[in-house]
Amino acid sequence: GEDVEQSLFLSVREGDSSVINCTYTDSSSTYLYWYKQEPGAGLQLLTYIFSNMDMKQDQRLTVLLNKKDKHLSLRIADTQTGDSAIYFCAEKEVDYKLSFGAGTTVTVRA
Amino acid sequence: EAGVTQFPSHSVIEKGQTVTLRCDPISGHDNLYWYRRVMGKEIKFLLHFVKESKQDESGMPNNRFLAERTGGTYSTLKVQPAELEDSGVYFCASSRTDLLNSPLHFGNGTRLTVT
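So the protein lines, in turn, are chains A and B. Each residue of the first sequence is one higher than the last, beginning at 1 in this note's numbering. Each residue of the second sequence is one higher than the last, beginning at 1001 in this note's numbering.
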């Protein structure tokens, strides 16, 4: 499968913005996703972006896509303690198969 | 609408034993997928069913793993005999076939520990 890479840890102060970065390798990816996993829970789809877009905003979440550099980022504004979780970047290889990164553990400190 | 449910949530078995994981997809979702996350690494695709047919099982590690979806409803994933490296979290997901880019809905996963 294709490689999706992301940093493993991010610590952020409550109220600050968090930025989680991801790089992928498949230039033919049609959709790119961000999933969130809270402790003991499953993977929750946070947001996704179509490959012909370069930005998508949804309330506190902003996704930026640089297709030339194959770089995807997720910005969380006004980070709250409930945002502490593991965030996975994923690309859609074919119609059904997702290729995930290893996940970024975000810790929000008071 | 009930989400994807997986059973058990945790399983601890000894090397050489057999374990069967179960997944109940969202009603009406013909696509069913199994993924696995081993030791904090990336989540890896295992296989994909469309109804009762295996569409792609290219991610299955070896022939100790057997997935079934009789009747096209729930699915089971059996590991026999289990090895230490099989430890990890096994996720099931389902999606619709009739919608373009139908999102994958994941279950809470089964955490398997082989000792």
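Virtual Cβ for every residue (Gly too), placed ideally from N, Cα, C. A quick note: this is a predicted structure, and the numbers were derived from the prediction, not measured.
Inter-residue CB distance, residue i and residue j (contact presumed, cutoff 8 angstroms)
i, j, result
"residue 9(A)", "residue 31(A)", "With a Cβ gap of about 26 angstroms, residue 9(A) and residue 31(A) do not count as contacting."
"residue 72(A)", "residue 89(A)", "6 angstroms"
"residue 103(A)", "residue 1106(B)", "Contact doesn't hold; Cβ gap of about 13 angstroms is too wide."
"residue 99(A)", "residue 4(A)", "5 angstroms"
"residue 1072(B)", "residue 1052(B)", "4 angstroms"
As assigned by DSSP and simplified to three states, the class of residue i
i, result
"residue 81(A)", "helix"
"residue 1043(B)", "strand"
"residue 1086(B)", "helix"
"residue 1070(B)", "helix"
"residue 1056(B)", "strand"
"residue 90(A)", "strand"
"residue 1018(B)", "coil"
"residue 21(A)", "strand"
"residue 1012(B)", "strand"
"residue 76(A)", "strand"
"residue 49(A)", "strand"
"residue 14(A)", "coil"
"residue 1102(B)", "coil"
"residue 110(A)", "coil"
"residue 1006(B)", "strand"
"residue 1063(B)", "coil"
"residue 1(A)", "Here residue 1(A) scores only 43 on pLDDT, less than 50, and its place in the model is too uncertain to base an answer on."
"residue 1097(B)", "coil"
"residue 8(A)", "coil"
"residue 59(A)", "coil"
Residue i and residue j closer than 8 angstroms at C-beta
i, j, result
"residue 1084(B)", "residue 1015(B)", "yes"
"residue 1114(B)", "residue 1013(B)", "yes"
"residue 79(A)", "residue 108(A)", "yes"
"residue 1101(B)", "residue 96(A)", "no"
"residue 1069(B)", "residue 1091(B)", "no"
"residue 1005(B)", "residue 1078(B)", "no"
"residue 1059(B)", "residue 1026(B)", "no"
"residue 1035(B)", "residue 1044(B)", "yes"
"residue 1076(B)", "residue 1021(B)", "yes"
"residue 17(A)", "residue 76(A)", "yes"
"residue 29(A)", "residue 91(A)", "yes"
"residue 23(A)", "residue 70(A)", "yes"
"residue 110(A)", "residue 14(A)", "yes"
"residue 1010(B)", "residue 1094(B)", "no"
"residue 46(A)", "residue 56(A)", "no"
"residue 1067(B)", "residue 1047(B)", "yes"
"residue 1008(B)", "residue 1097(B)", "no"
Per-residue contacts from residue i into chain B (C-beta, under 7 angstroms)
i, result
"residue 101(A)", "1042"
Within chain A, the residues that residue i reaches when beta carbons sit closer than 7 angstroms
i, result
"residue 1103(B)", "45"
Partners in chain B for residue i, counting only beta-carbon separations shorter than 8 angstroms
i, result
"residue 106(A)", "Neighbours of residue 106(A) on chain B: none; closest Cβ ~15 angstroms, over 8 angstroms."
"residue 9(A)", "Residues of chain B passing the Cβ test: none, with the nearest at roughly 11 angstroms."
Chain B residues whose Cβ lies nearer than 9 angstroms to that of residue i
i, result
"residue 98(A)", "1033, 1035, 1043, 1045, 1093 and 1104"
"residue 4(A)", "1042"
Within chain A, partners of residue i - CB distance below 8 angstroms
i, result
"residue 1056(B)", "96 and 97"
Interface flag, residue i vs chain C, CB-CB below 8 angstroms
i, result
"residue 1108(B)", "Annotation note: the requested chain C is absent from the structure, which comprises protein chains A and B."
Chain B contacts made by the region 32-44 of chain A, where a contact means CB separation under 9 angstroms: 33, 35, 37, 40, 41, 42, 43 and 44
Relative to chain A, which residues along the region 1022-1047 of chain B have a C-beta separation below 9 angstroms, given in chain order? 1031, 1033, 1035, 1037, 1040, 1041, 1042, 1043, 1044 and 1045
Residues, ordered as in the chain, of the region 47-63 of chain A that lie near chain B by beta-carbon distance below 9 angstroms: 48 and 50
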